[in-house]
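Chemist:
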Amino acid sequence: MYITPVSQAFTDVPPDSTNRLLKWAAFQRRGVKNFHGRPIDGLIAVVDMDRRAIFKVIDTGAVPIPDGPVDFDERSVGKLRKRGPGPLRVVQPRGPGFRVSGHEVTWQNWHFPLFALILAWDRSCPRSPTGMAANPDPSFTRAISRNCSFRIWIPPWGGGTERTWISARRLADWRRRWNPAWIAPPTPGCLTPALMDGQGIPKRVHPGCRTV
Numbered sequence: 001m002y003i004t005p006v007s008q009a010f011t012d013v014p015p016d017s018t019n020r021l022l023k024w025a026a027f028q029r030r031g032v033k034n035f036h037g038r039p040i041d042g043l044i045a046v047v048d049m050d051r052r053a054i055f056k057v058i059d060t061g062a063v064p065i066p067d068g069p070v071d072f073d074e075r076s077v078g079k080l081r082k083r084g085p086g087p088l089r090v091v092q093p094r095g096p097g098f099r100v101s102g103h104e105v106t107w108q109n110w111h112f113p114l115f116a117l118i119l120a121w122d123r124s125c126p127r128s129p130t131g132m133a134a135n136p137d138p139s140f141t142r143a144i145s146r147n148c149s150f151r152i153w154i155p156p157w158g159g160g161t162e163r164t165w166i167s168a169r170r171l172a173d174w175r176r177r178w179n180p181a182w183i184a185p186p187t188p189g190c191l192t193p194a195l196m197d198g199q200g201i202p203k204r205v206h207p208g209c210r211t212v
């Protein structure tokens with residue numbers, strides 16, 4: 001059996017309760033790797049995570065556990081096709097239903113930040129992995145790899161706990177090619193940038209940093 005927190009749906013507690021509750025669902029894992037395909041329906045443990053105690057157990061009665069194939073490894077489904085599927089095509093005949101302004105996406109009554117994760121190393125940097133970047137633009141890849149960048153995380157806006165990992169060398173070159181909004185959210189003050197080495201270990205947190 002495998003039990004994991006799956007906290008969807010309503011929990012019958014008083015509306016003014018301060019309990020931090022999680023629902024824990026059970027799965028039968030015997031003989032399969034993808035145990036999520038073997039749920040034990042109707043059996044839920046509601047756990048008070050503050051007191052580390054079971055708040056209540058929901059048991060709606062025995063339900064047969066699915067017994068169909070649920071694994072997706074090569075032994076279960078066979079080898080994958082050598083030729084992949086055709087390219088995905090997205091068509092918007094009336095234009096996009098959203099608007100992108102800098103790092104903000106607006107869609108109907110919603111607006112949310114747009115951010116990216118970029119991993120980059122230079123082959124010439126000592127003890128660094130093979131150069132790669134999540135951004136497909138070759139000029140961007142050259143710009144960051146030429147300057148021995150290691151890892152960059154561009155967080156969403158807001159809050160003071162995010163960290164921006166930046167290159168220790170020639171950040172100005174990188175900034176000239178890309179909008180500075182991609183490296184820091186539009187908040188006053190600084191976000192405590194952490195300089196990382198090729199192994200991903202923080203070297204220091206600059207006390208007098210500036211939002212770039």
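Going by our numbering, the first residue of the sequence shown is number 1, and it counts up by one from there. Ideal placement from N, C-alpha and C gives every residue a C-beta, glycine not left out.
For residue 24, which residues from the same chain have a beta carbon less than 8 Å from its beta carbon, with the 5 sequence-adjacent residues on both sides left out?
Modeler: The residue you call residue 24 lines up with position 24 of the sequence shown. Once the five neighbours on either side are set aside, the close Cβ partners of residue 24 are 3, 4, 5, 6, 44, 45, 46 and 47.
Chemist: Can you name the start and end residues of the alpha helix (DSSP H) that residue 76 belongs to?
Modeler: Counting from 1 along the sequence shown, the entry for residue 76 is found at position 76. First-last of the alpha helix (DSSP H) with residue 76: 74 to 77.
Chemist: Kindly identify the DSSP beta-bridge partner or partners of residue 96.
Modeler: Walking along the sequence shown from the start, residue 96 turns up at place 96. BP columns for residue 96 are empty, so no partner.
Chemist: Sort 53, 19 and 67 by Cα distance to residue 39 and report the nearest one.
Modeler: Position 39 of the sequence shown holds residue 39. Per the Cα distances, 67.
Chemist: Can you tell which of 51, 65, 91 and 109 has its C-alpha closest to the C-alpha of residue 21?
Modeler: For the purposes of this step, residue 21 is taken as the residue at position 21 of the sequence shown. Closest by alpha carbon: 51.
Chemist: Around the Cβ of residue 27, are there at least 16 other Cβ atoms within 10 angstroms (buried) or fewer (exposed)?
Modeler: Within the sequence shown, numbered from 1, the residue matching residue 27 stands at position 27. Residue 27 should be labelled buried.
Chemist: Can you name the residues that DSSP bridges to residue 62?
Modeler: Taking the first residue of the sequence shown as position 1, residue 62 is located at position 62. Its beta-bridge partners do not exist; DSSP assigns none.
Chemist: Going by Cα to Cα distance, which pick from 58, 1, 90 and 55 is closest to residue 37?
Modeler: By 1-based counting over the sequence shown, the position of residue 37 is 37. Nearest of 58, 1, 90 and 55 to residue 37, Cα basis: 1.
Chemist: According to DSSP, which residues form a beta bridge with residue 101?
Modeler: As a first step, residue 101 is located in the sequence shown; it is residue number 101 there, counting from the start. DSSP, once it has assigned bridges, lists 104 as partnering residue 101.
Chemist: If you compare alpha carbons, which of 86, 87 and 34 is closest to residue 73?
Modeler: Walking along the sequence shown from the start, residue 73 turns up at place 73. Selected option, being the one with the closest Cα: 34.
Chemist: Straight-line CA distance for residue 118 to residue 109?
Modeler: Taking the sequence shown and counting its residues from 1, the one referred to as residue 118 is at position 118. Taking the sequence shown and counting its residues from 1, the one referred to as residue 109 is at position 109. Unreliable positioning characterises residue 118 in this predicted model, as indicated by a pLDDT of 41, which lies under 50. The coordinate reading is nonetheless provided below. Going by the C-alpha atoms only, they are around 29 Å apart.
Chemist: So what does residue 4 bridge to, in DSSP terms?
Modeler: Within the sequence shown, numbered from 1, the residue matching residue 4 stands at position 4. Residue 4 pairs with 25.
Chemist: Taking only three categories from DSSP, how would you classify residue 37?
Modeler: Walking along the sequence shown from the start, residue 37 turns up at place 37. Here residue 37 sits in helix by DSSP.
Chemist: Any idea which residues DSSP pairs residue 43 with across the strands?
Modeler: On the sequence shown, residue 43 is found 43 positions in, with the first residue counted as 1. Note: residue 43 sits in a beta bridge opposite 59.
Chemist: Determine which residues share a DSSP beta bridge with residue 48 and list them.
Modeler: In the sequence shown, the residue the question calls residue 48 occupies position 48. BP columns for residue 48 point to 21 and 53.
Chemist: Distance check for residue 65 and residue 59, CA to CA, integer angstroms please.
Modeler: As a working note, residue 59 is residue 59 in the sequence shown. As a working note, residue 65 is residue 65 in the sequence shown. Roughly 15 Å separates the two Cα atoms.
Chemist: Could you tell me the boundaries of the beta strand (DSSP E) in which residue 69 lies?
Modeler: Along the sequence shown, read from residue 1 onward, the residue named residue 69 stands at position 69. Where residue 69 is concerned, there is no enclosing beta strand (DSSP E), given that its DSSP letter is neither H nor E.
Chemist: Please determine, among 69, 18 and 75, the residue with the shortest C-alpha to C-alpha distance to residue 29.
Modeler: Here residue 29 corresponds to residue number 29 of the sequence shown, with the count starting at 1. Comparing Cα positions, the closest option is 69.
Chemist: Kindly identify the DSSP beta-bridge partner or partners of residue 85.
Modeler: Translated into positions along the sequence shown, residue 85 becomes position 85. Note: residue 85 sits in no beta bridge, so no partner.
Chemist: Which residues in the same chain as residue 41 place their Cβ atom closer than 6 Å to its Cβ, once the five residues preceding and following it in sequence are excluded?
Modeler: If you number the sequence shown from 1, residue 41 lands on position 41. Closer than 6 Å at the Cβ level, and outside the excluded window around residue 41, lie 63.
Chemist: For residue 99, tell me which candidate among 92, 111 and 61 has the shortest Cα-Cα distance.
Modeler: Working through the sequence shown from its first residue, we reach residue 99 at position 99. Among 92, 111 and 61, the Cα nearest to that of residue 99 belongs to 111.
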